[in-house]
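Below is one structure, written out as structure tokens, with a few remarks after it.
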Amino acid sequence: MNTYDTADHDEHPLLGRLIKLGLFLLAQGIAVMLVAFVALLVSFGTSWSATTEQASLLQPGDARSGTLLLKEDGAYTEAIRLGIDVDITVSGPTLRTRVTQAFRNPTKDWVEATYVYPLATNGAVDTMKMVVGDRVIVGDVKERQQARVIYEQARSAGQKAALTEQERPNIFTNSVANIGPGETVLVQIEYQEPVHQSGNEYSLRVPLVVAPRYNPAPIVQSVDFRNDGSGWGATSDPVPDRDRISPTVLDPARNAPVNPTSITVRLKAGFAVGEVKSHHHNVKTESPDNATRIVTLADGAVPADRDFELTWTPAAQKAPSVGLFREHVGDADYLLAFVTPPSAEQATQKPLPREVVFVTDNSGSMGGTSIVQAKASLLYALGRLQPADRFNVIRFDDTMDVLFPASVPADAAHVGEATSFVSALQARGGTEMVPAMRAALTDKLSDTGMVRQVVFLTDGAIGNEQQLFETITAMRGRSRVFMVGIGSAPNTHLMTRASELGRGAFTHIGSVEQVEERMRGLFAKLENPAVTGLSAKFSEATADVTPAIIPDVYRDEPLVLAARLDKLAGSLEIKGRVGDRSWSVTLPLQNAAEGKGLSKLWAKRKIGDAEVARTMREMTPEEADKAILALALDHQIVTRLTSLVAVDKTPSRPEGAPLKLSELPVNLPAGWDFEKIFGERPQQAPTQQRERHADARNQPATRRPTPAAPDAIRLPKTATSAELKMIAGLILIVLALILFVFNRRRPLLTDAA
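For this note's numbering, add 265 to where a residue sits in the sequence shown, where the first one is 1.
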């Protein structure tokens, strides 16, 4: 074999050398082509880099509503949102809600997730569980700054961690660190909440979307002077956390709905249930027995673009007028009492003449069906005025019009002029709510013989709620403020607190079909005397009662008291005046039934009392914060001063492995008009959210690029170039191998020459 090969090679020495020379020339040609291809890739990389530079910049703290941010050195991959599951158990006067939010990390990278979502305004958030892969991590309530430090340390150490923070009483932020490649993360939030009662109807409401908020620019700034008398102070932004409550919103004309949501309600009313109704979603209802209902969505999972509202009535003709419930926790007993005072007989008392100031929001967020609901509600209200009444109408966006210089008699001519004014309203511009509230509370008549009422119709889509609360506190005088929440996702925190500070009431109108029913209920409150002078006294127990100062109660509204008792003994006596007559009721405490989560509800209401006292300057900010922090830590509740943090002690992310960021948008609330809020759609699809400016008379423009900060996160318009870099690397490796082989063969080629 060796002899044959040698002989054959010796017979054709020229042929062998020619073959080697041809292979050398072929290798040279391939090398030239590969170098040219790599140069082409580099030129494309430069152009992609230029495109990336044009994208806007986002700081790490700029988490927006509904976002899942996946971060790695300027490279971004969008995570997949699997959806939300809401499970509610109603137990008599209270309900327990568990919200499970599921995300999947479809990338090969380690992920940090940050997203914002709504919860019920009156909910006491006390539990957070994170499930990532096969790990279950339970959160603890800590002081907010301490919780943030714990979370950031765990994130840096590669440990799985979760953080729940309150931005507003109805807006929360979740952060989840170190989600592994391909893992699905579940974050469960639980809260306790009282059932709402109005007349013969009980209800619950679950917010499902954070609506875009109008955030006034700090052009006219408030000034906070130091208490040391030095005369020095600082100006403050009316919405210092605007970036944490401003959602990135999908244009429904160009994008399919996202964030599918399933809802289950297990209704155990404690009495025989009559009609059960969902006002904004199709549902199917099962009836295991006469006091229990199982309610689920008939259409399966639905987009999270509107609030879920469920109401139920008792099978009997009238709802129970008294409810008393107890819970023993630690060394204390907690009590929750519901008492509905009887209605005053209209025949025994002639209604006092009223001055009613109607204020309606016609800003851009009211576009679509909301402005239709608002106008229909206001026209209904104008038609209910009596000849002895006086009234005025104010409309506002980022400008304001007051129809009459002062309130005018409710005669046919004035009502007709107001009707024409309201009918012509169109939605546009920003939401400067504070000047309109100031105008409404300015009492020009000062007629103590008239009942003065302000009826304020809005979706409440603003970020400077505190400025509105301070305005009501400073200017309310003899006025009473009644809030009407309009649209599919109203700001219930604003509605509840504004009506509380204004000594009025509030109602929601989520569709045109609800206008007459809900406005009729509101006018029953406006036209009938309130139950005033209310007081509560325990015969034997020492009690810490909330609210400390019991507000007036309007027609068909229950008085709801929560108390912490040293012992469950004796009775509770409630007194007041219904119209011009005295009224009282005595409740034996031994008749109280077992309740669930009453200690959490008591603490939540005490925290609300402290916030109100701070706004009304009955407590200093330091005193209020101290009281809130103590209550929150004792009862493990999330507040603006406390957060839930959970840390897995075992590091899971390999040292040196990076984290990634991406942004998930939310749906536009149902019935809203995208162009009314964000301006006309550009010819090409926008790559980022348009900002809502304080001066909404000008069309808002897309944020311009700004110079990169040292820790700025760049949001490129295209996918990352990681794949291209990998291809280029492989090509260079192949080229190196070819050159290596060529160098080993060079002596042979020299012999051929």
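In this text, a Cβ means the ideal position worked out from N, Cα and C, and glycines have one as well.
For clarity, every value in this text was computed on a predicted model and none was experimentally measured.
Cβ-Cβ distance between residue i and residue j below 8 angstroms
i, j, result
"valine 594", "alanine 701", "no"
"glutamate 455", "threonine 557", "no"
"histidine 461", "glutamine 779", "no"
"glycine 633", "aspartate 663", "no"
"asparagine 435", "alanine 385", "yes"
"arginine 619", "valine 719", "no"
"glycine 423", "proline 916", "yes"
"arginine 745", "proline 816", "no"
"isoleucine 893", "alanine 878", "no"
"methionine 608", "asparagine 793", "Residue 608 is actually serine in this sequence, not methionine. A contact, by the Cβ cut-off of 8 angstroms."
"valine 450", "valine 397", "yes"
"valine 432", "arginine 509", "Position check: residue 432 holds glutamate in this sequence, whereas valine was assumed. The answer is yes: Cβ separation under 8 angstroms."
"glutamate 458", "leucine 360", "yes"
"alanine 602", "leucine 833", "no"
"asparagine 370", "glutamate 448", "yes"
"glutamine 582", "valine 777", "no"
For residue i, the three-state DSSP class (helix, strand or coil)
i, result
"proline 853", "strand"
"glutamine 731", "helix"
"glycine 348", "strand"
"tyrosine 599", "strand"
"proline 674", "strand"
"serine 314", "Caution applies to serine 314, whose pLDDT of 30 falls short of 50 and renders its modelled position unreliable; the value that the coordinates give is listed next. Three-state DSSP puts serine 314 in a helix."
"lysine 709", "coil"
"leucine 617", "coil"
"leucine 333", "Note that leucine 333 has pLDDT 48, beneath the 50 cutoff, so the model's placement of it is unreliable and the number below is only indicative. It is coil, neither helix nor strand."
"serine 308", "Because the pLDDT of serine 308 is 41, which lies under 50, any placement of that residue in the model is unreliable, and the question is left without a value."
"isoleucine 436", "strand"
"tryptophan 848", "strand"
"isoleucine 998", "helix"
"threonine 738", "helix"
"glutamate 859", "strand"
"valine 485", "With a pLDDT of 49 at valine 485, under the threshold of 50, the modelled position of this residue cannot be trusted, and the question is left open."
"phenylalanine 536", "coil"
"valine 910", "strand"
"glutamine 1021", "Limits of the chain in this structure are 266 at one end and 1018 at the other, which puts residue 1021 out of reach."
"arginine 660", "strand"
"tyrosine 819", "coil"
"proline 755", "coil"
"lysine 549", "strand"
"glutamate 417", "helix"
"glycine 404", "coil"
"isoleucine 559", "strand"
"aspartate 916", "A small correction: the amino acid at residue 916 is proline; aspartate does not occupy that position in the sequence shown. In the structure shown, proline 916 sits in a strand (DSSP, three-state: E or B)."
Integer-rounded CB distance, given that residue j should sit under 8 angstroms from residue i
i, j, result
"proline 383", "proline 472", "4 angstroms"
"arginine 785", "isoleucine 774", "In fact, because the Cβ distance is near 11 angstroms, the residues do not count as touching under 8 angstroms."
"alanine 675", "glutamine 651", "7 angstroms"
"valine 541", "valine 567", "So it is not a contact: roughly 18 angstroms between Cβ atoms."
"valine 725", "methionine 760", "In the sequence under discussion, the amino acid at residue 725 is glycine, which differs from the valine named in the question. Right, their Cβ atoms sit about 6 angstroms apart."
"glycine 835", "glutamate 805", "3 angstroms"
"serine 463", "lysine 861", "Not quite, the Cβ-Cβ distance comes to about 22 angstroms (not below 8 angstroms), so this is no contact."
"arginine 420", "alanine 389", "With 8 angstroms as the limit, arginine 420 and alanine 389 do not qualify as a contact, their Cβ atoms being about 27 angstroms apart."
"valine 351", "threonine 526", "7 angstroms"
"proline 823", "threonine 605", "4 angstroms"
"valine 621", "phenylalanine 661", "Actually they are not in contact, since the Cβ atoms of valine 621 and phenylalanine 661 sit about 17 angstroms apart, beyond 8 angstroms."
"lysine 407", "threonine 907", "7 angstroms"
DSSP beta-bridge partners of residue i
i, result
"phenylalanine 669", "In the DSSP output, where bridge partners are listed per residue, phenylalanine 669 has none listed."
"glutamate 466", "Ser463"
"glutamate 682", "For glutamate 682, which the question treats as bridged, DSSP gives no partner whatsoever."
"glutamate 458", "Leu360"
"proline 383", "Ile436"
"isoleucine 872", "Beta-bridge pairing links isoleucine 872 to no other residue."
"methionine 748", "Phe721 and Phe771"
"glutamate 888", "Glutamate 888 pairs with nothing; no bridge assigned."
"glutamine 431", "Phe437"
"leucine 826", "Ala602"
Test: residue i CB closer than 8 angstroms to a CB of chain B
i, result
"valine 474", "Judged by its chain identifiers, the structure shown contains no chain B, having just a single protein chain."
Task: Cβ contact check for the stretch 636 to 653 and the stretch 850 to 868: 3 or more pairs under 8 angstroms - done: no
Open item on the list: For the pair the stretch 464 to 471 and the stretch 572 to 584, tell me if three or more CB-CB distances fall below 8 angstroms.
Closed with: yes
Open item on the list: Whether or not the stretch 801 to 815 and the stretch 825 to 839 are in contact is what I'm after, with contact meaning three or more pairs of Cβ atoms, one per stretch, closer than 8 angstroms; do they touch?
Closed with: yes
Task: the stretch 736 to 744 contacting the stretch 704 to 712, beta-carbon criterion three pairs below 8 angstroms - done: yes
Open item on the list: I want to know whether the stretch 862 to 872 touches the stretch 895 to 907 - three or more CB-CB distances under 8 angstroms.
Closed with: yes
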